[in-house]
Amino acid sequence: MIEHLLQSPPGWIHFLIFFCLGAILLAIVLGFVTYAILAERKVLGFMQIRIGPNRIGGRFGLLQTVADVFKLLIKEDIIPKLADRPLFILAPILAFAPSFLVLAVMPFSENVKFADIGVGLLYYIAVSGISAIGMLLGGWASNNKYSLLGGMRSAAQMISYEIPLVMSVIGVILFTGSLNLTDIVEGQKHVAYMFLSPIGFIVFFISSLAELSRTPFDLPEAESELVAGYHVEYSGFRWAFFMLAEYVYLFAMASLMTVLFLGGWNPIPFLGFIPGVIWFALKFSLIVFIMIWIRGTFPRIRADQLMEFAWKVLLPLALLNIFVSAAVKELFLK
Amino acid sequence: MIRTEEMLLNVGPQHPSTHGVFRIILKIDGETVIEATPVIGYLHRGTEKLAENLQYTQIIPYTDRMDYLSAMTNNYVICHAVETMMGLEIPERAEYLRVIAMELGRIASHLVWYGTYLLDLGAMSPFLYAFREREAIINLLNELCGARLTFNYMRVGGVKWDAPEGWIEKVRDFVPYMREQLKGYHDLVTGNEIFLNRVKGIGYYTKEEAIDYSLSGANLRCTGVNWDLRKDEPYSIYDRFDFDVPVFHTGDAWARYQCRMAEIEESLKIVEQAVEQFPAEGAIMAKVPRIIKPPKGEAFVRIESPRGEIGCYIASEGKKEPYRLKFRRPSFYNLQILPKLLVGENLANLIAILGGIDIVLGEVDG
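From first to last, the protein sequence lines are chains A and B. When we follow this note's numbering, the leftmost residue of the first sequence carries the number 1, and every step to the right adds one. When we follow this note's numbering, the leftmost residue of the second sequence carries the number 1001, and every step to the right adds one.
Set out below in structure tokens:
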């Protein structure tokens, strides 16, 4: 249907349809974010011998996040007097918008996909890079020393880890010969790429944790050092935008990992009767769970060690992975 | 033309990792500390001055609020000082109760340190596990004296309350439970590569520096000095127990971590033995006059608190109030080395170093 719409001449109807589709995606992602936050709190609570949210929305706190967001909506919007006002307002938007933009190319199953563009992977990486500017901007515009340090840290971290992240997917691109995400999933019909390029998968997973600023790489907002990092001066819904960006990225990054390495909607052999979307959701949830698990286990790495780790460990490994992947392709996939 | 500037950063008193109301004014170049100036006194209550108008028994609750993480040792030091002046003989049972309470307090205090230190380093879970065990200890002490934090348990000449029915058995059961949990702590944290990277070689000082700065407790023993007042100047009944003094030689935050974790095990040993030897019956208070009036003169005693040597000096004129009272508060002395350690470190190490010293602001500020 999308193909048909794209081929036909533009009109108001088209605009309406695309707008509705976008709104539906937005609603699904926001719904995910709502329950991802709840799941994170519940799983962490379970790991830390606590109960987690259990008051609003029944025993399992099903409406806890809704209530939190509502609270943020009705909070006073404070802009510090000495802040750079236009940039201060622009920063959360700049951090948040790319996190949604990247979802446009994400194929959730054979049919559920929005823009099936040829360079989907490149698009994802390019657009997600914009968010770092938003965070740096937020840190700078707040005119606060802690947020400046946090902004600097996050910019340095994002830029450093983007390189091993990009390098680690080259193996996958080699296997498929395409940057199109649908083609990449189709290429994993028989075996998921995480088995063909395990080094790439591990490097990608670690770098994605750093890209998402999650434990053990949560330095930009290390609350024990920088109080809250780049968003220390933000409150109310502007703050919520930063948080939202973070969780939407979690959604996007877990989806991307599912697509690139876990075989997307392809079923595990002999279980093909279960629809692709469910397979996607299962694999995707597994990744999110592992990320929460890591958060419950590890301390935070130090800024200089973080840089060393990116440049001296991950990057060489990613380069090695390119070589190994090429060899695997030459030997087995011919 | 690129121009760089030093930045003045105010850490605290409202900062999540300064453990209360401690403040450091940092001069930083990027994230590197050039100069650090600690500012203390936000929690100063003038305990020593207040004590000059109070009777000795009335001073005891004030000591609870100095090092509020191990109030039992503070209680003991003032009682011990007065008892030394008066030359009192303390009943056996009271001594055992005191030792058990103090050692349980030491374990609880180290658990809080362990939890908050890991929280400072960015790990959430160990904090909650440590507080679960601390809760068990606090419940035990609560049964003993009816308070969870500010115990006000000891009196000049003995203790206020006898152990309730079945309490000793509960303490006996706690020891193996705690040993089991300690294994879990080591599994979760001690071998973790990220944790080791954060603490190894951080905040290093030598044996001589530690002595010059008058450090005590784990901060001293981490440099290889074998000095524990429970062994070297035995007070109370510590000479009856068989335990080791954990000493480590690297002098960094890692050694301080190992030292405190090993001290928990040693304290468990003491508790275990004290419970075995606990006299079935006996008085819990010595024969003490209703109004305590130590003879004219002065006395200084020191004991080993979880944070180091806590001392109490009393100058008496033979009245029911002291003429002058002075506490040697270990956190205050241990904090002195901080500005020296911070120079050249970055912000993340600042937290690791400050946390490693293990200060309690109630004690620093007096």
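Using N, Cα and C, we set each Cβ at its ideal position, and we do this for glycine too.
Considering Cα atoms alone, identify which of the options is closest to residue i.
| i | options | result |
| --- | --- | --- |
| residue 1366 of chain B | B:1142, B:1340, B:1343, B:1330 | B:1330 |
| residue 30 of chain A | A:45, A:99, A:81 | A:99 |
| residue 1349 of chain B | B:1117, B:1248, B:1154, B:1127 | B:1117 |
| residue 26 of chain A | A:206, A:11, A:103, A:80 | A:103 |
| residue 1092 of chain B | B:1128, B:1321, B:1283, B:1351 | B:1283 |
| residue 1250 of chain B | B:1047, B:1342, B:1206, B:1167 | B:1206 |
| residue 125 of chain A | A:287, A:307, A:15, A:208 | A:208 |
| residue 1008 of chain B | B:1174, B:1071, B:1025, B:1328 | B:1025 |
| residue 1056 of chain B | B:1354, B:1351, B:1320 | B:1320 |
| residue 1112 of chain B | B:1364, B:1140, B:1359 | B:1359 |
| residue 1372 of chain B | B:1203, B:1263, B:1124, B:1342 | Nothing can be reported for residue 1372 of chain B, as the shown portion of chain B is limited to 1001 through 1366. |
| residue 310 of chain A | A:32, A:59, A:159, A:97 | A:159 |
| residue 205 of chain A | A:276, A:270, A:255 | A:255 |
| residue 1102 of chain B | B:1064, B:1123, B:1119 | B:1064 |
| residue 1168 of chain B | B:1265, B:1002, B:1137, B:1316 | B:1137 |
| residue 155 of chain A | A:315, A:307, A:299, A:187 | A:307 |
| residue 1199 of chain B | B:1002, B:1114, B:1085 | B:1114 |
| residue 1311 of chain B | B:1020, B:1081, B:1134, B:1139 | B:1081 |
| residue 1185 of chain B | B:1142, B:1125, B:1145 | B:1125 |
| residue 1033 of chain B | B:1270, B:1005, B:1253 | B:1005 |
| residue 1450 of chain B | B:1140, B:1135, B:1356 | Residue 1450 of chain B cannot be examined here, being either before or after the span of chain B that is shown, 1001 to 1366. |
| residue 1188 of chain B | A:37, A:299, A:58 | A:299 |
| residue 1150 of chain B | B:1318, B:1029, B:1069 | B:1069 |
| residue 149 of chain A | B:1247, B:1029, B:1322 | B:1029 |
| residue 263 of chain A | A:188, A:72, A:16, A:18 | A:188 |
If residue i sits next to residue j, beta carbons under 8 angstroms apart, how far is it from one beta carbon to the other, in whole angstroms?
| i | j | result |
| --- | --- | --- |
| residue 139 of chain A | residue 179 of chain A | Their Cβ separation, rounded to whole angstroms, is 32 angstroms, which puts residue 139 of chain A and residue 179 of chain A out of contact at 8 angstroms. |
| residue 1347 of chain B | residue 1051 of chain B | In fact, because the Cβ distance is near 39 angstroms, the residues do not count as touching under 8 angstroms. |
| residue 142 of chain A | residue 246 of chain A | With a Cβ gap of about 17 angstroms, residue 142 of chain A and residue 246 of chain A do not count as contacting. |
| residue 184 of chain A | residue 260 of chain A | 6 angstroms |
| residue 1338 of chain B | residue 1038 of chain B | 6 angstroms |
| residue 33 of chain A | residue 288 of chain A | At roughly 11 angstroms, the Cβ-Cβ gap does not stay under 8 angstroms, so residue 33 of chain A and residue 288 of chain A are not in contact. |
| residue 1120 of chain B | residue 1351 of chain B | 5 angstroms |
| residue 1332 of chain B | residue 1363 of chain B | 7 angstroms |
| residue 291 of chain A | residue 214 of chain A | 6 angstroms |
Looking at residue i and the ligand GDP, is the gap between the Cβ and the nearest heavy atom below 7 angstroms?
| i | result |
| --- | --- |
| residue 1034 of chain B | Although the ligand GDP was asked about, the structure shown includes no ligands whatsoever. |
To be precise: take each residue of the stretch 275-303 of chain A, compare its Cβ to all Cβ atoms of chain B, and keep it if any distance is under 9 angstroms. Which residues remain?
Listed by position, the residues of the stretch 275-303 of chain A near chain B (Cβ gap below 9 angstroms) are 295, 296, 297, 298, 299, 300, 301, 302, 303.
Inspect the CB distances between the stretch 1101-1113 of chain B and the stretch 1304-1316 of chain B and report whether three or more fall short of 8 angstroms.
Because the criterion of three Cβ pairs below 8 angstroms is met, the stretch 1101-1113 of chain B and the stretch 1304-1316 of chain B touch.
Stretch pair the stretch 42-54 of chain A + the stretch 106-126 of chain A: three plus CB contacts closer than 8 angstroms
Contact between the stretch 42-54 of chain A and the stretch 106-126 of chain A is absent, because fewer than three Cβ pairs lie under 8 angstroms.
Pairs of beta-carbons, one from the stretch 1286-1303 of chain B and one from the stretch 1187-1194 of chain B, closer than 8 angstroms: are there three or more?
Contact between the stretch 1286-1303 of chain B and the stretch 1187-1194 of chain B is absent, because fewer than three Cβ pairs lie under 8 angstroms.
Does the pairing of the stretch 84-101 of chain A with the stretch 132-144 of chain A give three or more beta-carbon distances under 8 angstroms?
With the cut-off at 8 angstroms, the stretch 84-101 of chain A and the stretch 132-144 of chain A touch.
Where are the alpha helix (DSSP H) runs, 4 residues long or more, that stay fully inside the stretch 61-116 of chain A, in chain order?
Runs found: 64-73, 85-101.
Using 8 angstroms as the Cβ pair cut-off and three pairs as the minimum, do the stretch 1147-1161 of chain B and the stretch 1086-1100 of chain B touch?
Judged by Cβ distances under 8 angstroms, the stretch 1147-1161 of chain B makes contact with the stretch 1086-1100 of chain B, as three or more pairs qualify.
Would you list, in chain order, the members of the stretch 45-62 of chain A that have their beta-carbon closer than 7 angstroms to a beta-carbon of chain B?
Listed by position, the residues of the stretch 45-62 of chain A near chain B (Cβ gap below 7 angstroms) are 47, 48, 49, 50.
Contact residues within the stretch 206-218 of chain A, judged by C-beta distance below 8 angstroms to chain B:
Of all residues in the stretch 206-218 of chain A, 215, 216, 218 have a Cβ within less than 8 angstroms of some Cβ in chain B.
Inter-stretch contact at 8 angstroms, needing at least 3 Cβ pairs: the stretch 1251-1259 of chain B / the stretch 1215-1228 of chain B
Taking one beta carbon from each stretch, the stretch 1251-1259 of chain B and the stretch 1215-1228 of chain B have 3 or more pairs nearer than 8 angstroms; the two touch.
Contact list for the stretch 1178-1189 of chain B against chain A, Cβ threshold 8 angstroms
Within the stretch 1178-1189 of chain B, the residues whose Cβ lies closer than 8 angstroms to some Cβ of chain A are 1188, 1189, listed in chain order.
I want to know whether the stretch 200-209 of chain A touches the stretch 169-176 of chain A - three or more CB-CB distances under 8 angstroms.
The count of Cβ pairs closer than 8 angstroms, one atom from the stretch 200-209 of chain A and one from the stretch 169-176 of chain A, reaches three, so the stretches are in contact.
Select from the stretch 127-161 of chain A all residues with a C-beta closer than 9 angstroms to any C-beta belonging to chain B, and list them in chain order.
From the stretch 127-161 of chain A, only 145, 146, 148, 149, 152, 153 have a Cβ closer than 9 angstroms to chain B.
For the stretch 1286-1318 of chain B, which residues have a CB atom closer than 9 angstroms to at least one CB atom of chain A, in sequence order?
Identification of residues in the stretch 1286-1318 of chain B having a C-beta nearer than 9 angstroms to some C-beta of chain A yields an empty set.
Determine which residues of the stretch 1102-1128 of chain B have a Cβ less than 7 angstroms from any Cβ of chain A, and write them out in chain order.
Near chain A, meaning a CB-to-CB distance below 7 angstroms, the residues of the stretch 1102-1128 of chain B are 1118, 1119, 1120, 1121, 1122, 1123, 1124, 1125, 1128.
Please name the residues in the stretch 1334-1352 of chain B whose beta-carbon is closer than 9 angstroms to at least one beta-carbon of chain A, in chain order.
Correct list: 1346, 1347, 1348, 1349, 1350, 1351, 1352.
Does the count of Cβ pairs from the stretch 1208-1220 of chain B and the stretch 1232-1243 of chain B closer than 8 angstroms reach three?
No: fewer than three Cβ pairs fall under 8 angstroms.
Would you say the stretch 1060-1076 of chain B touches the stretch 1144-1156 of chain B, given that touching needs at least three Cβ pairs under 8 angstroms?
Yes: at least three Cβ pairs fall under 8 angstroms.
Does the pairing of the stretch 317-331 of chain A with the stretch 190-197 of chain A give three or more beta-carbon distances under 8 angstroms?
In the pairwise beta carbon analysis, the stretch 317-331 of chain A is classified as touching the stretch 190-197 of chain A: at least three pairs are separated by under 8 angstroms.
Members of the stretch 1006-1017 of chain B that neighbour chain A once the beta carbon cut-off is set at 7 angstroms
Under the 7 angstroms Cβ criterion, the stretch 1006-1017 of chain B contributes 1007, 1009, 1015, 1016, 1017.
Taking only beta carbons into account, state which residues of the stretch 1192-1206 of chain B come closer than 8 angstroms to chain A, listed in chain order.
The residues in question are 1192, 1194, 1195, 1197, 1198.
Looking at C-beta atoms only, is the number of pairs between the stretch 38-45 of chain A and the stretch 288-304 of chain A that lie closer than 8 angstroms three or more?
With a cut-off of 8 angstroms, the stretch 288-304 of chain A and the stretch 38-45 of chain A count as touching, because enough Cβ pairs lie within range.
Pair every Cβ in the stretch 57-69 of chain A with every Cβ in the stretch 279-291 of chain A, then say whether three or more of these pairs are closer than 8 angstroms.
No, the stretch 57-69 of chain A does not touch the stretch 279-291 of chain A.
Just by C-beta distance, which residues in the stretch 226-257 of chain A are closer than 8 angstroms to chain B?
So the list reads 226, 227, given in the order they occur along the chain.
Taking 8 angstroms as the cut-off, does the stretch 1126-1133 of chain B touch the stretch 1292-1304 of chain B (at least 3 CB pairs, one atom from each stretch)?
Result no; under three Cβ-Cβ pairs closer than 8 angstroms.
With 9 angstroms as the limit, tell me which residues of the stretch 7-41 of chain A have their beta carbon closer than that to any beta carbon of chain B; keep them in chain order.
Cβ contacts with chain B come from no residue of the stretch 7-41 of chain A.
Could you give the uninterrupted runs of the beta strand (DSSP E) lying entirely in the stretch 1012-1074 of chain B, keeping only those of 3 residues or more?
Taking only runs of at least 3 residues, the beta strand (DSSP E) segments lying wholly in the stretch 1012-1074 of chain B are 1023-1029, 1032-1039.
Which runs of the beta strand (DSSP E) spanning at least 3 residues fall entirely within the stretch 206-281 of chain A, listed in chain order?
Taking only runs of at least 3 residues, no beta strand (DSSP E) segment lies wholly in the stretch 206-281 of chain A.
Near-chain A residues of the stretch 1025-1054 of chain B - C-beta to any C-beta below 7 angstroms:
Along the stretch 1025-1054 of chain B, the positions whose C-beta sits under 7 angstroms from a C-beta of chain A are 1031, read in chain order.
My parser needs the beta strand (DSSP E) runs of 3 or more residues fully inside the stretch 1105-1142 of chain B; what are they?
Within the stretch 1105-1142 of chain B, no complete beta strand (DSSP E) run reaches 3 residues.
Which residues, taken in chain order from the stretch 1127-1146 of chain B, show a beta carbon closer than 9 angstroms to some beta carbon of chain A?
Cβ proximity to chain A below 9 angstroms picks out 1127, 1128, 1129, 1132 from the stretch 1127-1146 of chain B.
Could you run through the stretch 301-320 of chain A and flag, in chain order, every residue whose CB is less than 8 angstroms away from some CB of chain B?
Of all residues in the stretch 301-320 of chain A, 301, 302, 303, 304, 305 have a Cβ within less than 8 angstroms of some Cβ in chain B.
Threshold first: 4 residues or longer. Then list the alpha helix (DSSP H) segments lying entirely within the stretch 147-213 of chain A, N to C.
Taking only runs of at least 4 residues, the alpha helix (DSSP H) segments lying wholly in the stretch 147-213 of chain A are 181-186, 193-196, 198-211.
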